[in-house]
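Numbering (our numbering), first residue to last: 8 to 166.
Backbone N, C-alpha and C fix where the C-beta goes; we use that ideal spot for every residue, glycine too.
Structure, as structure tokens:
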């Protein structure tokens with residue numbers, strides 16, 4: 008095995024030093040460029056973070072402003088619907104009062120009409136009772152009685 012052959016160890020060690028030295032020089036040459044790239048990325052990330060925070064703050068301000076506008080709009084809509092509800096209630100109250108007055112007038116007219124019909128029916132009832140009395144007296148007793156006599160007798164009994 009060549010790893011255990013000490014006669015070739017010195018050239019291998021020299022080649023090892025040469026390769027590592029070349030790699031060191033290449034890395035040392037590239038390191039400043041890598042540092043600049045890292046710093047540029049770090050600066051870009053910091054700037055992006057600042058922009059994101061500013062955008063977040065603007066969004067929060069916009070949302071709070073929107074909530075304020077929404078609350079104001081809600082309050083205005085409640086006021087408008089309250090006024091409309093009050094106006095509708097007042098109109099309904101007026102209509103109910105008109106209907107109530109109309110029904111009361113119709114009820115009073117109907118009561119007066121019923122009273123007139125009752126009085127007329129009672130007057131006619133007396134006349135019918137008088138005629139019935141004339142007929143009953145004629146059939147039962149066989150006596151002829153005048154309508155006036157029968158009407159006065161019915162009025163005495165009814166009173």
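Query, Result
"Short Cβ contact (8 Å threshold) for residue 133 with residue 162", "yes"
"Three-pair Cβ contact test at 8 Å for the stretch 116 to 124 versus the stretch 97 to 108", "no"
"Residue 137 burial status per 10 Å Cβ neighbour count (16 or more: buried)", "buried"
"For residue 148, the three-state DSSP class (helix, strand or coil)", "coil"
"Distance between beta carbons of residue 140 and residue 165, contact taken as under 8 Å", "Wrong, their Cβ atoms sit about 11 Å apart, outside the cutoff."
"Within 8 Å, strictly: CB atoms of residue 144 and residue 152", "yes"
"For residue 153, the three-state DSSP class (helix, strand or coil)", "coil"
"Residue nearest to residue 130 in terms of C-alpha spacing, selected from 67, 159, 107, 38", "159"
"Rounded separation between residue 43 and residue 15 - CA only", "43 Å"
"DSSP three-state assignment for residue 12, whether helix, strand or coil", "coil"
"Whole-angstrom distance between residue 29 and residue 23, CA atom to CA atom", "10 Å"
"Nearest-angstrom Cα separation, counted from residue 155 out to residue 127", "19 Å"
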